[in-house]
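Report on the structure given below.
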Amino acid sequence: ENATYPYEVIQEIADFITKGSGMRPKIGIICGSGLGSLAEIIQDPKIFEYEKIPNFPVSTVEGHAGKLVIGTLEGATVMAMQGRFHFYEGYPLAKCSMPVRVMKLCGVEYLFATNAAGGINPRYAVGDIMLMHDHVNMLGFAGNSPLQGPNDPRFGPRFPALVNSYNKELINKAIEIGKTMGIESNVHVGVYSCLGGPNYETIAELKALRMMGVDAVGMSTVHEVITARHCDMKVFAFSLITNKCATEYSDKKDEEANHEEVMAVAKNRQKACCELVARLVREIHSNAAS
Ligand SMILES: Nc1nc2ncn(CCNC(CO)CO)c2c(=O)[nH]1
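Residue numbers for the sequence shown follow the numbering used here, beginning at 180 and rising by one.
The following block contains the structure:
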């Protein structure tokens, strides 16, 4: 499926965006379920609906708008995807992750990936933020990778290393920002895992994930991070915990995940998420300027 988006097609899409907006973004933001507000804090935005971008896929999930927003945030030029593409929509992982390559050819050096996720770590509360410091690529265990198929060396190497994929400096900066915001007890650092979905997990799967040291589970992000690291972007990623996953068999129905709850939690935590992202963008921009 990599062949669906050869380098030249990605270049055309990137040119369409940079020429259409007259901007070259440095930071790319992918908005998780219900976190589209991360795009709404961008000033003087130029908005491209996915349908209007030649060769771009379209979003089919409630809570994912389907707009690419490019503009200024805390002095930096950023581009945000309001709506991402998921494996469970029937898109191959290379298609889900192609926006990261578009960002790269637009000039983006930093990827901020956000998602809503289920909390497996029992210390996590609904509404907490987990800064990702590593991931378990469950889809990769079954042979699914966004890098499957022919490798185009203009993007990156055939066999990319993925240790230290999550930029430690950005994680430490985000922890400091969490302290300044007074939310340090709700900010964690943990391991995320991506399952195929669209079903949520069984108890046995959650127990297995917990045994592997996974702290939060979702249906996205990992393939975007792999694609970002392949083309040497710095990566910062976090999960908004939108429900606590059961890891024992019990008849408590209230532990069942549902999408309405995911979007409701995202709605009432979007302010904190936006604040964290804005402050981190400001740090990066001011350091680069210095
Ligand atoms: N247990 C559990 N809780 C979750 N909350 C959000 N997501 C991320 C998946 N989001 C989907 C459906 O809500 C939409 O992309 C999950 C998940 O995958 N599992």
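All C-beta atoms in this analysis are idealised placements derived from N, C-alpha and C, irrespective of residue type, glycine included.
Can you give the Cα-Cα distance for residue i and residue j, rounded to whole angstroms?
i: Gly211; j: Thr293; result: 5 Å
i: Pro271; j: Pro236; result: 11 Å
i: His402; j: Gly361; result: 32 Å
i: Ala259; j: Pro301; result: 32 Å
i: Asn323; j: Asn316; result: 9 Å
i: Tyr428; j: Gly215; result: 34 Å
i: Asp394; j: His312; result: 11 Å
i: Ile463; j: Asp307; result: 24 Å
i: Ser399; j: Thr197; result: 26 Å
i: Met202; j: Val248; result: 11 Å
i: Tyr267; j: Ala193; result: 26 Å
Leaving out five residues on either side along the sequence, give the residues of the same chain with a beta carbon under 7 Å from the beta carbon of residue i.
i: Thr183; result: Ala273 and Lys274
i: Ile356; result: Leu455, Arg458 and Leu459
i: Arg408; result: Pro339, Leu341, Ser344 and Val414
i: Leu217; result: Ile208, Cys210, Ala259, Thr293, Cys452, Cys453 and Val456
Give a yes or no on whether the minimum CB-CB distance between residue i and chain D is below 8 Å.
i: Ile299; result: Among the chains of the structure shown, chain D does not appear; only one protein chain is present.
Considering only residues of the same chain and omitting the five flanking positions on each side of residue i, which have a CB-CB separation below 8 Å?
i: Glu191; result: Pro233 and Asn234
i: Gln222; result: Gly250, Thr251 and Leu252
i: Ile354; result: Leu310, Glu363, Val366 and Val368
i: Cys410; result: Val279, Arg280, Lys283, Phe334 and Gly335
i: Gln449; result: Gly213, Leu214, Ser216 and Leu217
i: Glu180; result: No answer about Glu180 holds up, because its pLDDT of 48 lies below 50 and its placement is not dependable.
What whole-angstrom Cβ distance do residue i and residue j have, given they're in contact under 8 Å?
i: Ile209; j: Leu326; result: The pair is not a contact, with the Cβ atoms about 18 Å apart (cut-off 8 Å).
Beta-carbon within less than 6 Å of residue i's beta-carbon, same chain only, minus the 5 sequence neighbours each way: which residues are those?
i: Leu349; result: Phe415
i: Asp331; result: Tyr186
Suppose contacts are defined by Cβ-Cβ distances below 8 Å. Is residue i in contact with residue j by that definition?
i: Ile299; j: Thr426; result: yes
i: Gly328; j: Pro204; result: no
i: Ile220; j: Ala255; result: no
i: Gly262; j: Lys246; result: yes
i: Ile442; j: Tyr289; result: Looking at the sequence itself, residue 442 is Met, so the reference to Ile does not match. Result no, Cβ atoms of Met442 and Tyr289 do not sit closer than 8 Å.
i: Val305; j: Val444; result: yes
i: Tyr379; j: His314; result: no
i: Lys446; j: Tyr303; result: no
Query raised in the report: Are there three or more Cβ pairs, one per stretch, closer than 8 Å when the region 339-355 is compared with the region 381-400?
Result: no
Report task. Take every Cβ of the region 290-306, pair it with every Cβ of the region 418-429, and state whether three or more of those distances are shorter than 8 Å. Result -> yes
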